[in-house]
Amino acid sequence: MENPARTAEHLARLDQRREALRARLGGVLAPAPRFVWEIGCGHGHFLTAYALAHPAVSCIGIDIVRERIERAERKRERARLPNLHFLLAEAGMFLEVLPVNARPTDIFVLFPDPWPKQRHHKHRILQADFLARVAQRAGQGTRLYFRTDHAPYFQAVREVLQVHPNWRMVEENWPFEELTVFQARAPAYQSLIAVSK
Numbered sequence: 000m001e002n003p004a005r006t007a008e009h010l011a012r013l014d015q016r017r018e019a020l021r022a023r024l025g026g027v028l029a030p031a032p033r034f035v036w037e038i039g040c041g042h043g044h045f046l047t048a049y050a051l052a053h054p055a056v057s058c059i060g061i062d063i064v065r066e067r068i069e070r071a072e073r074k075r076e077r078a079r080l081p082n083l084h085f086l087l088a089e090a091g092m093f094l095e096v097l098p099v100n101a102r103p104t105d106i107f108v109l110f111p112d113p114w115p116k117q118r119h120h121k122h123r124i125l126q127a128d129f130l131a132r133v134a135q136r137a138g139q140g141t142r143l144y145f146r147t148d149h150a151p152y153f154q155a156v157r158e159v160l161q162v163h164p165n166w167r168m169v170e171e172n173w174p175f176e177e178l179t180v181f182q183a184r185a186p187a188y189q190s191l192i193a194v195s196k
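So for the sequence shown, my numbering puts the first residue at 0; every next one is plus one.
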């Protein structure tokens, strides 16, 4: 049975998160509305190295776990990288509050939770509807870089992208290598690249 008071509190908390994220993004993206986006940045190893190697590029990493973002922020502060930002945010809400003129040029999704059980597949980030929303906000030519050590998830994403009206898969070299914690643990992994139409 639904509890109206609890539902109202939950919706109010979501509105507060949206507004806080919107305000933070406005400050981060004001000087550079084009950015590289890492979804599920973890402790920030990859994006910190990327930002260091690309000082003229604005980089934003998001994760839904506060402790990960706090650790990533410490890396950013130690490296003194003004082009690097880490935000506590869910990917759908991030897209929702992204300023109209802001656009990701490259998106990295590296070793996301594969949610291996069939009943949990709905929690996987790379699904057709989410990819459609990303393409709509990104516009033409944005590259999506996906890497996983979970073969069934890789195959599922590949199948979605092969028929997706907003994306086409391409054969290109991986643009930047940095050994992440999950990559170091993986006995093997697969990668793919897609471009928004």
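Note that the Cβ used here is the ideal one computed from N, Cα and C, for glycine as well.
Problem - Run of the alpha helix (DSSP H) containing residue 101, from where it starts to where it stops - result: Unbroken run through residue 101: none, as it is neither H nor E.
Problem - Residues that DSSP places opposite residue 27 in a beta bridge - result: The partner list for residue 27 (beta bridge, DSSP) is empty, contrary to what the question assumes.
Practice task
Could you round the C-beta distance between residue 86 and residue 108 to whole angstroms and report it? I think they count as a contact, below 8 Å.
Solution key: Not confirmed; about 16 Å, so no contact.
Exercise for the section: Decide yes or no for the touch test of the region 97-116 against the region 125-141: beta carbon pairs closer than 8 Å, at least 3 of them. Expected result: yes
Problem - Nearest-angstrom beta carbon gap, residue 21 and residue 42 [assumed within contact, 8 Å] - result: Rounded, the Cβ-Cβ distance is 25 Å, inconsistent with contact.
Exercise for the section: Measure the alpha-carbon distance for residue 179 versus residue 95 and round it to whole angstroms. Expected result: 28 Å
Problem - Residue range of the alpha helix (DSSP H) that includes residue 110 - result: Unbroken run through residue 110: none, as it is neither H nor E.
Problem - Length of the line joining the Cα atoms of residue 192 and residue 16 - result: 31 Å
Handout entry: Contacting residues, own chain, Cβ-Cβ under 6 Å from residue 144 (five flanking each side not counted)
Key = 107 and 192
Handout entry: Residues that DSSP places opposite residue 57 in a beta bridge
Key = Answer by DSSP bridge pairing: none, since residue 57 is not bridged.
Problem - Residue burial classification, residue 166 (beta-carbon count within 10 angstroms, cutoff 16) - result: buried
Handout entry: residue 132 versus residue 97: straight-line alpha-carbon distance, rounded
Key = 12 Å
Practice task
Go through its chain and collect everything with a Cβ distance to residue 152's Cβ below 6 Å, but skip five positions before and after it.
Solution key: 113
Problem - Distance CB(residue 134)-CB(residue 57) smaller than 8 Å - result: no
Practice task
Determine, using beta carbons only, whether residue 34 and residue 91 come nearer to each other than 8 Å.
Solution key: no
Problem - Residue nearest to residue 36 in terms of C-alpha spacing, selected from 62, 75 and 25 - result: 62
Handout entry: Reference residue 181; option with closest CA among 39, 52 and 51
Key = 39
Problem - Rounded straight-line distance, which links the Cα of residue 154 to that of residue 117 - result: 14 Å
Handout entry: CA nearest to the CA of residue 55, picked from 82, 146 and 159
Key = 82
Problem - Pair within 8 Å by beta-carbon distance, residue 212 and residue 185 - result: The question about residue 212 has no answer, for the chain in this structure spans 0 to 196.
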